[in-house]
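All residue numbers for the sequence shown refer to the working numbering, where the first residue is 25 and numbers rise by one. Written out below as structure tokens is the structure these notes cover.
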Amino acid sequence: MTSSTIKVTDEVVSCSDNGQHPLVYIKLSNGRGVCQYCGQVFERVEEKTKAA
Ligand SMILES: [Zn+2]
């Protein structure tokens, strides 16, 4: 069981815990989301770091 945060650049991520649970899609509203099955935490990061 992993407890590390996975950083992604997409707004929606999929998780199946390497096939250990049904594939689910998690929307990272507020830049953060948790898989309801395995508890994996996903954090959205901005790939482009352009200052306005
Ligand atoms: Zn999961």
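Even glycine gets a Cβ: it sits at the ideal position worked out from N, Cα and C.
Practice task
Note the first and the last residue of the continuous beta strand (DSSP E) segment covering residue 65.
Solution key: From DSSP, the beta strand (DSSP E) with residue 65 extends over 65 to 68.
Handout entry: Within 8 Å, strictly: CB atoms of residue 33 and residue 67
Key = No, they are not a contact pair.
Exercise for the section: List the DSSP bridge partners of residue 39. Expected result: When DSSP reads this structure, residue 39 sits in a beta bridge with 48.
Practice task
Find the nearest neighbour of residue 53 within the set 71, 37 and 44, judged by alpha-carbon distance.
Solution key: When each option's Cα is compared against that of residue 53, the closest is 37.
Handout entry: Contacts around residue 35, its chain only, beta-carbon distance under 8 Å, and the 5 residues preceding and following it disregarded
Key = Hits under 8 Å: 51, 52 and 68.
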